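Protein chains in written order, with the numbering used here: chain A, 87 to 392; chain B, 1144 to 1514; chain C, 165 to 505. Worksheet: the structure to be examined is printed underneath.
Structure (structure tokens):
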């Protein structure tokens, strides 16, 4: 109770600061959020490492796929050392280089699957929210049906039909991910639509296109950016789960899920085999979640006044 | 407030202790409540003083951000500290300091000796409990009543605040009540323990005028019966004219003027009170009078102007006003004003709005007649 | 009032909202409706201010929105300069909107937070292409900012940098950008503090003097409506109860609802407030989903008789230019004007 009153009594901003843009403001606020900054740094680091891996990683650490069959006993399952910071796996491959190449798979799947989900979700959500009525009923019931299916099972079935391979993984995850984005976008648009400024634009005689592009979209995009950011983490997790089940990326290509699967039998004796890719998943997903949280706070216009 | 853990408390209520000699029912002395925020120190309440006796109604008038609500929340001990902090002053209830009271002691006072009604009857009631249960809670907590006793008393209370079919309605949930009915429930809840002081924070702002009239009438009736004091916080000068014996006008966290209702309406001394008076449309029979607004906007409570807080908007401000905090000028009746020029009778007479009274008389001698 | 002078004529306007949302519920047979506006008729002359008062849920805002066609009316006609707005196609509607504008209640929600106030105020000019040249448009916006009492240098700032009163000035500048003939003001000052409220009311009055704009002024505050209006109409539960010029309506109201409404308004003068006779209405307004039979007010009316619950009173001219929908209406001077001392 008291908090609500505090807000009411809080000082009003007195319009004295110089002109700033809202996105600039949001960026400044994001920078003040230490956890979000940590997330961004980690994401940038992973992306850079994954992108440039071909230039240095195999040279330093050896090939991520080729196994050393000749000296298998001497080089396999080595504990972390200077030469192999994350140790080596059962087939003598360096775990670090496999984690680095695994990042490529995870990031590709995470980003592209989210891109596909977001694209479908935006169109469906916008249709449902802006036109309403029958459109709304059809789209939302379709989304309900999608959401009612056991998600992982559905992906597994789709992959069984389409065949394995990284592109099919992100397509399957992407196609199945749209309902939640559509729901978020629809409810955002519906609440933005309630604002008087949308009515004000209609009263001015603005066209539908203008209302959507100038008024509704700019005010809805923030929630989508936030949701999509968090969704990337989710897609990475799904890919890992699929690979763990042997449905995702095909060996010998490295993927964090496959590595965990490979490593699980050595958990008691050589825990790094499972721990290292596990940590990679954890930190990366966490980084996207922290960034998403930070973005939500930074993009919220209303928070400014509070 | 809606906690489930009911601790029964059987101790003497503070309101049964006599008011010590030389004290009032409630005394607020130079109370200062600041909020320490990221943007700086918000001086929400900056030196509020007044006294209140049984059966009296104090109207607290001010615009949003004037500190009128925070003052009452501070008295009730409902401000989160931090960020809030009492920077000075004291609140004496029957001669006992509420500021220095422990949380446990304060719980015995809150809702029992001093009760509060909030503006929004929608959010002040918990939607998942029946009206009867919410009404009973306070009585079981403060009076040690049994469930049955408390429920019977709840029905009685609902009847008292004019809710028809009380036996039935006591079992209903808040959403089954209209806004006006909910505010009646809030009043019933506040009066459940027969408080000494009822603080009403904009109790009628969310209601329609015909419902507002009902609620105000009800509050007055109950006050007449119980003899409790009322603190009515509002932005509506009409409402205070209706109900208040004394009025405190607040601006930017400070009380700028305090006096009897008649003094504030007919002999105001502070330019801000004048400005408010000239800003509201008058009920007129023939020719409409133009409004004279107060220019500009209220100051930020983080960055208060030097000198008088009203000086940037005051049409009579001088260099003295802009640099020096105004002294408190008090008349012999206790009517005070925080303005450098309030003691200049000529200035006040020349600039105060001319209000023709329909019943001219000596205001000083009429003080408190309505009580 | 001469017919040629009529700018807007509302005839038998009705609006029902379905209670249940969703496509299927809306099309079911026993769909329930909120009867928000019920057969409302009035007209507004060029340059005048027509006040529409009533309590929350009486349909006053819906009436305003139907006139603007922000809400589609379910029945009746809205004639703007003789043309029926309710039947206009998109193109005609767009050109009509040059002549008719809207000011909203909430100064926080009515401005797009992602646009600068310059963009907000120039939007009507962009949409209707009245000032094609960008530099010229900026000059015009600066001029408008100055007219509504804002600093033209603030043209590139965002709404959140302004206080409530200043934002409302931005909304007013936007409404005046096309120099419309009619502006519908929906509770334009009720979200503002007293001192700021007076600033905005004076601004509206000044702008009306300068541009000759007519206002449909919708508000729940009777004193504010009295102050600004030439003629005033009172609504209750979607129905027009009474209307006339402000002087008659406030001093000699006919309808028992108007009388009780006026007597419920607390007057900021303790002498008057303490002495006047007040009619305190019992109970709450009935639900507009299931309105009472006959006169909508009969459930709370102090003078209701058997006839009132059976027969709905028509709006009739009880005195010249003074309309009232009551079977037993009689002019009744407000009591406080004749207090015996």
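Glycine included, each C-beta is placed from N, C-alpha and C at the ideal position. Please read all numbers here as calculations on a predicted model, not as lab measurements.
Got a sec? Which residues, its chain only, sit under 7 angstroms from residue i by beta carbon, not counting five neighbours each side?
| i | result |
| --- | --- |
| residue 318(A) | 196, 197, 200, 374 |
| residue 1312(B) | 1274, 1301, 1306 |
| residue 305(C) | 282, 285, 286, 319 |
| residue 199(C) | 180, 402, 452, 455 |
| residue 133(A) | 193 |
| residue 322(C) | 277, 280 |
Check this for me: beta carbons of residue i and residue j, under 8 angstroms apart or not?
| i | j | result |
| --- | --- | --- |
| residue 1241(B) | residue 1166(B) | no |
| residue 1204(B) | residue 1340(B) | no |
| residue 286(A) | residue 375(C) | no |
| residue 1343(B) | residue 1260(B) | yes |
| residue 163(C) | residue 388(C) | Since the first residue shown for chain C is 165 and the last is 505, residue 163(C) is missing from the structure and cannot be characterised. |
| residue 367(C) | residue 333(C) | yes |
| residue 1417(B) | residue 1486(B) | no |
| residue 457(C) | residue 469(C) | no |
| residue 418(C) | residue 465(C) | no |
| residue 219(C) | residue 244(C) | no |
| residue 343(A) | residue 329(A) | yes |
| residue 252(A) | residue 335(A) | yes |
| residue 335(C) | residue 363(C) | no |
| residue 1332(B) | residue 1281(B) | yes |
| residue 216(C) | residue 397(C) | yes |
| residue 368(A) | residue 360(A) | no |
| residue 1127(B) | residue 1172(B) | Summary: the structure shown does not reach residue 1127(B), with chain B confined to residues 1144 through 1514, and so no result is reported for it. |
Counting only Cβ pairs nearer than 7 angstroms, list the residues of chain F close to residue i.
| i | result |
| --- | --- |
| residue 444(C) | Absent from the structure: chain F. Protein chains present are A, B and C. |
Buried or exposed: where does residue i fall if 16 or more other Cβ atoms within 10 Å of its Cβ makes it buried?
| i | result |
| --- | --- |
| residue 231(A) | exposed |
| residue 1289(B) | exposed |
| residue 196(C) | exposed |
| residue 247(A) | exposed |
| residue 1456(B) | buried |
| residue 96(A) | Residue confidence is low: residue 96(A) scores 33 on pLDDT, short of 50, so the model does not pin down where it sits. No coordinate-derived value is stated. |
| residue 295(C) | buried |
| residue 1285(B) | buried |
| residue 1454(B) | buried |
| residue 1277(B) | buried |
| residue 345(C) | buried |
| residue 1385(B) | buried |
| residue 167(A) | exposed |
Within its chain, find whatever has a CB closer than 6 angstroms to the CB of residue i; leave out the 5 residues flanking it on each side and keep chain order.
| i | result |
| --- | --- |
| residue 314(A) | 200, 204 |
| residue 395(C) | 214, 409 |
| residue 1194(B) | 1167, 1170 |
| residue 1347(B) | 1355, 1358 |
| residue 349(C) | 267, 379, 381 |
| residue 1258(B) | 1333, 1338, 1341 |
The ligand COA heavy atoms versus the CB of residue i: any closer than 7 angstroms?
| i | result |
| --- | --- |
| residue 1299(B) | Looking for the ligand COA in the displayed structure turns up nothing, as the structure carries no ligands at all. |
Ordered along the chain, which non-local residues of its own chain (more than five positions away) have a Cβ less than 8 angstroms from that of residue i?
| i | result |
| --- | --- |
| residue 113(A) | 384 |
| residue 1511(B) | Residue confidence is low: residue 1511(B) scores 43 on pLDDT, short of 50, so the model does not pin down where it sits. No coordinate-derived value is stated. |
| residue 261(A) | 202, 203, 206, 244 |
| residue 1466(B) | 1449, 1450 |
- [ ] Please go through the stretch 169 to 227 of chain C and give each complete alpha helix (DSSP H) segment of 4 or more residues, from N-terminal end onward.
- [x] 187 to 190
Task: Meets three-Cβ-pair contact criterion under 8 angstroms: the stretch 399 to 416 of chain C and the stretch 1308 to 1322 of chain B - done: no
Open item on the list: To test your reading of the DSSP string, which unbroken beta strand (DSSP E) runs of 3 or more residues are found completely within the stretch 371 to 413 of chain C?
Closed with: 378 to 383, 395 to 400, 403 to 409
Task: At least 3 beta-carbon pairs within less than 8 angstroms: the stretch 286 to 295 of chain C vs the stretch 335 to 348 of chain C - done: yes
Open item on the list: Quick check for students: name the residue ranges of the beta strand (DSSP E) that lie wholly in the stretch 1228 to 1309 of chain B, counting only runs of 3 or more.
Closed with: Taking only runs of at least 3 residues, the beta strand (DSSP E) segments lying wholly in the stretch 1228 to 1309 of chain B are 1257 to 1260.
- [ ] Please confirm if the stretch 117 to 129 of chain A is in contact with the stretch 362 to 373 of chain A, defined as three or more CB-CB distances below 8 angstroms between the two stretches.
- [x] By the C-beta criterion, the stretch 117 to 129 of chain A is judged to be in contact with the stretch 362 to 373 of chain A, since at least 3 inter-stretch pairs fall below 8 angstroms.
- [ ] Inspect the CB distances between the stretch 298 to 316 of chain A and the stretch 171 to 188 of chain A and report whether three or more fall short of 8 angstroms.
- [x] no
Open item on the list: Can you confirm whether the stretch 1466 to 1485 of chain B touches the stretch 1406 to 1416 of chain B when touching is taken to mean that 3 or more C-beta pairs between the two stretches lie within less than 8 angstroms?
Closed with: yes
Task: Whole runs of the beta strand (DSSP E) within the stretch 1153 to 1183 of chain B, excluding any shorter than 3 residues - done: 1169 to 1180
Task: Those runs of the alpha helix (DSSP H) which lie wholly inside the stretch 414 to 473 of chain C and span at least 4 residues - done: 420 to 428, 434 to 439
Task: Complete runs of the beta strand (DSSP E) confined to the stretch 236 to 271 of chain C [at least 3 residues] - done: 239 to 244, 264 to 267
Task: Inter-stretch contact (C-beta, 8 angstroms, three-pair minimum) for the stretch 206 to 215 of chain A and the stretch 262 to 277 of chain A - done: Here the stretch 206 to 215 of chain A lies against the stretch 262 to 277 of chain A, with 3 or more beta-carbon pairs under 8 angstroms apart.
TODO: Inspect the CB distances between the stretch 1358 to 1371 of chain B and the stretch 1177 to 1192 of chain B and report whether three or more fall short of 8 angstroms.
DONE: At 8 angstroms Cβ cutoff, the stretches do not touch.
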